[in-house]
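This report refers to the structure that appears directly beneath it.
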Amino acid sequence: MSDSSTGAPKALTYGRYLCIDELLALQRPRSEGPEHDELLFIVIHQVYELWFKELLHEIDFVRQLLAEDATHRAQHTLKRILTILKVAVGQIDILETMTPLEFQSFRARLEAASGFQSDQFRQIEFVLGLKNTAAIERFPEDSRARQALQQRYHEPTLWDSFLHYLSREGYAVPDALLAREVTTPIEASPDLQRVLVELYRRDTKNAELCERLVDLDEGMQEWRYRHVKMVERTIGVKPGTGGSAGAAYLRGTLGQPLFPDLWAIRSQL
Ligand code: HEM
46 MSDSSTGAPK
56 ALTYGRYLCI
66 DELLALQRPR
76 SEGPEHDELL
86 FIVIHQVYEL
96 WFKELLHEID
106 FVRQLLAEDA
116 THRAQHTLKR
126 ILTILKVAVG
136 QIDILETMTP
146 LEFQSFRARL
156 EAASGFQSDQ
166 FRQIEFVLGL
176 KNTAAIERFP
186 EDSRARQALQ
196 QRYHEPTLWD
206 SFLHYLSREG
216 YAVPDALLAR
226 EVTTPIEASP
236 DLQRVLVELY
246 RRDTKNAELC
256 ERLVDLDEGM
266 QEWRYRHVKM
276 VERTIGVKPG
286 TGGSAGAAYL
296 RGTLGQPLFP
306 DLWAIRSQL
């Protein structure tokens, strides 16, 4: 960018580096007035989408670090991911200061829009092993969202990267798991659990890595729980704007671990 009068390059400023003018123009309430609480609702969702972007960036990095056998850096990056997840869960506290009537004041303006349509949330689910083709097909052909989801659908999950890493660390990960079809759900494996129990008893470094994956799994479950509670207190049993049964649908997603083997071994230790 240059100064139009002199042609000299413009000095970089905070505003230009971070595109602040563009950023501040992106909050566009739809309610008349507009209703006071709609700005909060928009800002929170936009901040979530930025954290989702950063989470995907960091999860991809962990997969790369595991492929390079860089255990400590992978652990360090997982710690960053967990810290972001805590902030993301904590943001629900802010939105819970909005009462049912305050939300009601602009809810109709959301039409059929819903967090259900967040492709980045689905991308996070995909990379963590929760893949389904219906989530891809909801997005128009050739859209950024559909292309991103299609690519992640065929990519190995974080769990696959971890299994291959463990195998290179000398653990007898069953061949069937190393060759598994990465688009299918992650299922519990008693053979792998036997390997993991031995690992927990003898190998502190890799047991710590496993614990960080459990933290991530628990963190995602915590977000789901806090989200459904926020939904229950804000709209009760009303259906969602995205067309689902609302809280009843969301409750069905609770308590499902991402990495079932890491939970199963707890009772064997
Ligand atoms: C007043 C606040 C909120 C209410 C009442 C609410 C309500 C709902 C409802 C009812 C659903 C089910 C789908 C549907 O039929 O619409 C849903 C899904 C979802 N919402 Fe929210 N939501 C709120 C805030 C948020 C925030 C701040 C986020 C952050 C991005 C978010 C992200 C999501 C996601 C990712 C789903 C899909 C979950 C899944 O399919 O497992 N929601 N929400």
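Start counting the sequence shown at 46; every next residue gets the next number (the numbering used here). Just so it is clear, CB atoms sit at the ideal spot from N, CA and C, and this is done for glycine as well. Bear in mind that the values here come from a model prediction, so they are computed numbers and not experimental data.
Closest by C-alpha distance to residue i, when choosing among the options
{"i": "GLN313", "options": "GLY297, GLY300 and PRO235", "result": "PRO235"}
{"i": "LEU237", "options": "ARG191, ILE129 and ALA221", "result": "ALA221"}
{"i": "GLY78", "options": "HIS209, PHE207, PHE151 and ARG257", "result": "PHE151"}
{"i": "ASP164", "options": "LEU127, LEU123 and ARG197", "result": "ARG197"}
{"i": "GLU277", "options": "ARG269, GLU170, GLY264 and ALA292", "result": "ALA292"}
{"i": "ALA179", "options": "VAL172, LEU194 and ASP187", "result": "LEU194"}
{"i": "ALA224", "options": "SER206, ILE137 and VAL172", "result": "SER206"}
{"i": "MET275", "options": "LEU140, ALA133, ALA112 and HIS121", "result": "LEU140"}
{"i": "LEU146", "options": "ARG296, GLN109 and THR279", "result": "THR279"}
Other residues of its chain near residue i: CB distance less than 6 angstroms, five sequence neighbours each side excluded
{"i": "THR249", "result": "none"}
{"i": "THR142", "result": "none"}
{"i": "PHE161", "result": "GLY287"}
Beta-carbon proximity list for residue i, same chain, < 8 angstroms, skipping 5 on both sides
{"i": "LEU244", "result": "LEU211, TYR216, ASN251, ALA252 and CYS255"}
{"i": "ALA157", "result": "THR286, GLY287 and GLY288"}
{"i": "GLU232", "result": "PRO305"}
{"i": "ASP66", "result": "GLY60"}
{"i": "ILE129", "result": "TRP96, GLU99, LEU100 and GLU103"}
{"i": "ASP72", "result": "The question names Asp, but residue 72 is Gln in the sequence shown. Hits under 8 angstroms: LEU84, ILE87, VAL88 and GLN91."}
{"i": "LYS124", "result": "ARG257"}
Helix, strand or coil at residue i according to DSSP, with G and I counted as helix
{"i": "ALA190", "result": "helix"}
{"i": "LEU99", "result": "The sequence shown places Glu at residue 99, rather than the Leu named in the question. In this structure, GLU99 counts as helix in the three-state DSSP scheme."}
{"i": "GLU182", "result": "helix"}
{"i": "GLY297", "result": "coil"}
{"i": "ASN251", "result": "helix"}
{"i": "GLU67", "result": "helix"}
{"i": "ASP105", "result": "helix"}
{"i": "ALA153", "result": "helix"}
{"i": "ARG75", "result": "coil"}
{"i": "VAL277", "result": "Residue 277 is actually Glu in this sequence, not Val. GLU277 falls in the helix class under three-state DSSP."}
{"i": "THR128", "result": "helix"}
{"i": "VAL282", "result": "coil"}
{"i": "ASP82", "result": "coil"}
{"i": "THR229", "result": "coil"}
{"i": "LEU175", "result": "coil"}
Proximal residues to residue i (C-beta, below 7 angstroms), its chain only, five neighbours per side dropped
{"i": "ALA290", "result": "PRO284"}
{"i": "TRP204", "result": "GLY174, ILE231 and PHE304"}
Start-to-end residues for the alpha helix (DSSP H) that takes in residue i
{"i": "ARG239", "result": "235-247"}
{"i": "THR142", "result": "Element bounds for THR142: n/a, residue is neither H nor E."}
{"i": "ASP114", "result": "Per DSSP, ASP114 belongs to no alpha helix (DSSP H) and is neither H nor E."}
{"i": "GLU170", "result": "164-172"}
{"i": "TYR210", "result": "203-213"}
{"i": "LEU307", "result": "305-309"}
{"i": "ALA221", "result": "220-223"}
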